[in-house]
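Worksheet for the structure shown next.
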Amino acid sequence: MNKVKILFFFFVSTFIWSQHLNAQVQKVQYFMKYNEEKCLFDFHIVIKEGRAISGQHRAQLNAQYSVIVPAGSTVIMAEKHMPLQSNLQYNGTVPMDWKLASTILAPAVQSESDFYSIVPTLAPTSFYNNLNQNDTVKLFSLSITPITDCGKGVRIFNNQTDPGPLAAGMNGSNFSNGFTIGGIANKYDSNLASEMPKRPVITSLQSLCTNGIAIEIEADAPNTTCQRSLVYAWKGPEGFYSDQQNVSIPGAGLLQNGKYYITVKDTIGCSVTDSVMAYSKPDAGKDALVKCFVTGTTTLKAKGEGYWSFAANNPGTATLSDTSKNITVISGFTAQGLYGLIWNGLGCTDTVSVTVQNVCDCSFSNTLEIPDDYTYCFRVNDMVLKGNQVVEPGEYLWLYKNNTGSFKPAPGINNTKDYTVTQLMAGEHSFARSYIRTGVPVCKDTSNSLFLIISSTIDAGLDADLFCYSSDTAFIQANGQGHWVQDSSSMGILKIVQFGNPQQTFYDFKEAGEYTLYWVNESCTDTVSVFANPYCGCHEANGGENLTACAGDTITIEGTCVVGTWRSLAANPTGASLLSIQDGKTDIYFSRMAQGVYSFEYTVFDTLTDTVSVTVHTPPVINVGEDFGFCEGSPAVLLVAGGGVQYLWSNEETSSNIMVSPSATTTYRVTGFSEHGCASVDSVTVFILPKPAGIIPVLPISNAGANVQLQSGVWTNAVQYFWQGPNNFSSTLQNPVIQNVNNSQSGIYTLTVTSAGDCVSTASVSLSVNQNPLPIYISQFSGEYIKEKEYIQLQCKTEYVINHDYLLFEKSEDGLFFEKLEVVYTNGKSGKYQIFDHDVENGKTYFYRVVSFDLDGTFQIFETISVKADDVETISVHMYPVPTRDYIQLSFSGHFKNDLVEIEIIGLDGTSLYSQQHTIQTVIRLDDIFANHSAPGTYFLKLVVGDQVIIRPIIKI
């Protein structure tokens, strides 16, 4: 019954303690969010693990919440939210006072930032409401002004990556985040990603097909008072920039076609960028008239690049001579009416109308061929313009006009089927051919037009020759109307903002080489080159500063000019080798034997020279000693290095000597440095040597006069044995024999075992020697608390007391350390004895034992019992026979109704030989208790009844 109560209490306690542990916050994370309504930054904690429901676990203890802002920002504690003061019973209303503590402004290690730490005021104590996993709790809000670039630079301090207290300019201030709640353990874990201010949204972006460039945009700002106002920034071809919401470039040409970029930004710098392709509306040319749909033709002349297509719903079909060229001939109409022709440019279209009539008095074909090439540069000589052969009788007449003039008879021979142009200069030249039929009826027909476009010659300017590509500037001045085109096969792409600007300035070339540009118009092209030479720093010979090196090093010396060369002077000591010379630099190897001052000459253009000296020092000789063995588990050993002024060990320690305690064979490397910074390496290997391992068997109790052999047991890695014990006993035998033992030889015997590697292990064994078996047996020893008298009564019954002197009753409060209680002299007579212990406290358990002393001074300690000072009646037990062979019988007295007794037989080495649980009866017989343990000797009987423990020795014969 008592045992059941104890187990139930343990289960309940464990359950409550488990619930107690689980009801604590284990980990918190920091979280920052921009408050769009109040224009503040809110700072939170997020419960990552655990929960808090009790007052103790909801209490705010010390914390540090560190924030980084752009340098120069103004930071003000604007609002405080949680925890609440005096909120133990959930009725707090006043937030805890969070305050700005440490501040470091623009430290050298991170000069673009200011550092602030925020800490709680701990009095009066503030409490959170109940906290559960994944809860987000707002602690305080900061006003940080001005906010620029959408809050960039405002963030929570990162313990892993941000500067520590020893970093430059931090002045020893530690801004590491930490958070304690409900206890002293730090619950801070990490930072969550911050929620920064929202950015504007572009809802519509489109290019309109109008005369010129036109782009319209619609954008929405975040719906907050802090960000509502928007500004616009456009960038486009030819250096275009505008801060208007929409783009309008009337009359834009081809160079303005391309991609336009828009950046929409609100008042705190939150921005969004997008782009759109925009093209100026193309020009399909002038409308045309064709009198006779059967035989008539006309020439369509559009501008720019594109292709032709027919509009829908034309009255009939027709034929285009070439749909891919801007100048084309339309003919072969199948019906009269209004025809639409579409010129499709880059993303936009334009339409030209051709009115086709049914005036067919002259029903013959009179058509000119459009040449494949009709654009030319500078001039045209001796070019033949061709027309078809008209079969009707009549006369030809070629017509000509220049630029915007009117048609007149062409110069020279102009009355043939074809016409030869002798020479044309720059301009737009138009030709047509009329044919007058002389038969009946007489009529006249004029052909389609033929255009020749001759561009004025242009000049891309003079080539530029730069001495140094990285520092010099090239100025290019082109002549004539045109635009720039870059050669993709040149050294690199140059930055051109306005391609139509004849004046260009180029600088900051990425590498040396030839850069090629073309200045072009519709028909003419001229080339200009920029030769960016690599002669930077070549106006002088400068090989740099004098250097120092260590023997065995390879160093690089580099002059300021890439065409400079190096050579080793003849007077140099031996040991230096120039490995390569390229681009004004060389690698020099100094052998391990090199020492002294070496001079190297640097030459530019065979006329400019400079000399650089290299002083070579000998590396130190580092010595860390010879390899050695180390016994496993031994105390740390000292490794000492010599020969240098500074050291770096493979375990990153930097002193000349280190303490090591390896668990496995380890090689320790040390790099030693001389006063000149030269380094050498030495190493020492510490080999792990195994210690001997084994266990000494327990010795049985011996009687005086017997021979006792000390047993070492089985040991591994053992080569030597050494025993020591009482009375100056020593032996080098593995299993020595002590002859004719007596009581003075009782005590602890220590065995020292040595391995082949001189590693040592020790073990001990206790030898107990009885002078002679005591002629006494205590058949009963019990105790009982007498409630009415408030004392404990002890009773002892003895037998076989020949030569007996007295009994010593001892008392203990813990069962380990005993003190004298009372002495009872037996005078060699058996009998029953009782004593009384008045020095007891109610509810406390005490331990008692009896020590028997014989007349010759020998003694023996009998059983130990426990008695609890309360009104529960204790139990007494009588055991017989003693000595025994294979069974014992227990006789119980006292109040033991329905009680359980745990019975255990224990050997001298602590091994449990028998363990059973019984319901207490007046007599319990235990059979075969030594069935598997036949060795004679002393054993112990342990009885546990409720809170009462009885231990009694048993002698087996």
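Count along the sequence shown from 1, add 858, and you get the number used in the numbering used here. A virtual CB, placed ideally from N, CA and C, is assigned to each residue, including glycine.
Simplified DSSP assignment, three categories, for M859: The predicted model places M859 with a pLDDT of 36, which falls under 50 and marks its position as unreliable, so this point remains unresolved.
Cross-strand partners of K1443 (DSSP beta bridge): E1416 and Q1440
Test item: CB-CB of I1060 and A1077 under 8 Å: yes
Alpha helix (DSSP H) segment containing G913, residue limits: G913 to R916
Limits of the beta strand (DSSP E) - the one that S1624 falls within: V1618 to L1625
Rounded distance between the beta-carbons of Q1592 and N1565, thought under 8 Å: 17 Å between Cβ atoms; not a contact.
Neighbourhood of F1717 by C-beta, 7 Å cutoff - its chain only, sequence neighbours within 5 removed: V1709, S1710 and F1711
Short Cβ contact (8 Å threshold) for L1000 with V925: yes
T1181 versus N1202: straight-line alpha-carbon distance, rounded: 10 Å
Same chain, Cβ closer than 6 Å to E1286, five either side skipped, listed in chain order: N1261 and I1311
Rounded straight-line distance, which links the Cα of K1149 to that of V1212: Their backbone Cα atoms lie some 10 Å apart in a straight line.
Cβ neighbours of E1510 in the same chain (closer than 8 Å, five flanking residues each side left out): none
Sequence-distant residues of its chain with Cβ nearer than 8 Å to S1305 (five each side left out): T1155, N1224, T1225, L1226, G1245, A1290, R1291, S1292 and Y1293
Residue burial classification, I1042 (beta-carbon count within 10 angstroms, cutoff 16): exposed
Burial state of L1024, where buried means 16 or more other Cβ atoms lie within 10 Å: Exposed, since its Cβ has fewer than 16 Cβ neighbours within 10 Å.
Proximal residues to Y1234 (C-beta, below 6 Å), its chain only, five neighbours per side dropped: I1312 and S1381
Cβ neighbours of I1553 in the same chain (closer than 6 Å, five flanking residues each side left out): G1571
Environment of L1497 [buried if 16+ CB atoms lie within 10 Å]: buried
Contacts around A1614, its chain only, beta-carbon distance under 6 Å, and the 5 residues preceding and following it disregarded: V1577
Start-to-end residues for the beta strand (DSSP E) that takes in M1135: Per DSSP, M1135 is one residue of the beta strand (DSSP E) stretching across S1129 to A1136.
Nearest residue (CA-CA) to Y1704, options S1129, A1407, T1590 and L1679: L1679
Rounded straight-line distance, which links the Cα of V1627 to that of N1600: 6 Å
Member of V1298, G1605 and T1529 whose CA lies at the smallest distance from the CA of I1559: G1605
Cut-off 6 Å between Cβ atoms - residues of its own chain near K938, not counting five sequence neighbours on either side: Here the set comprises P953, W956 and F998.
8 Å Cβ shell around N1069 - same chain, five flanking residues per side excluded: P1108, G1109, S1138 and K1139
Burial state of N1035 (16 or more Cβ within 10 Å): Per the 10 Å Cβ criterion, buried.
Own chain residues within Cβ distance below 6 Å of S1519, not counting five before or after: A1494
Own chain partners of M1241 with C-beta closer than 6 Å, once the 5 adjacent residues on each side are dropped: Answer for M1241: V1279, listed in chain order.
Short Cβ contact (8 Å threshold) for V1122 with L1088: Yes. Within cutoff.
Proximity to P1173 [Cα-Cα], best of T1153, G1195, I1185 and A936: Residue G1195 holds the alpha-carbon nearest to the alpha-carbon of P1173 among T1153, G1195, I1185 and A936.
Under the three-state DSSP convention, the category C1301 falls into: It is a strand residue.
DSSP three-state assignment for L1310, whether helix, strand or coil: strand
H1475, buried or exposed, once every other Cβ within 10 Å from all chains shown has been counted against 16: Result: buried.
Option nearest Q1064 by Cα separation, candidates S984, M1135, M1737 and N1239: M1135
Given P1251 as reference, the closest of F1676, A1268, K1275 and S1179 once Cα atoms are compared: K1275
Distance between beta carbons of Y1327 and C1394, contact taken as under 8 Å: Right, their Cβ atoms sit about 7 Å apart.
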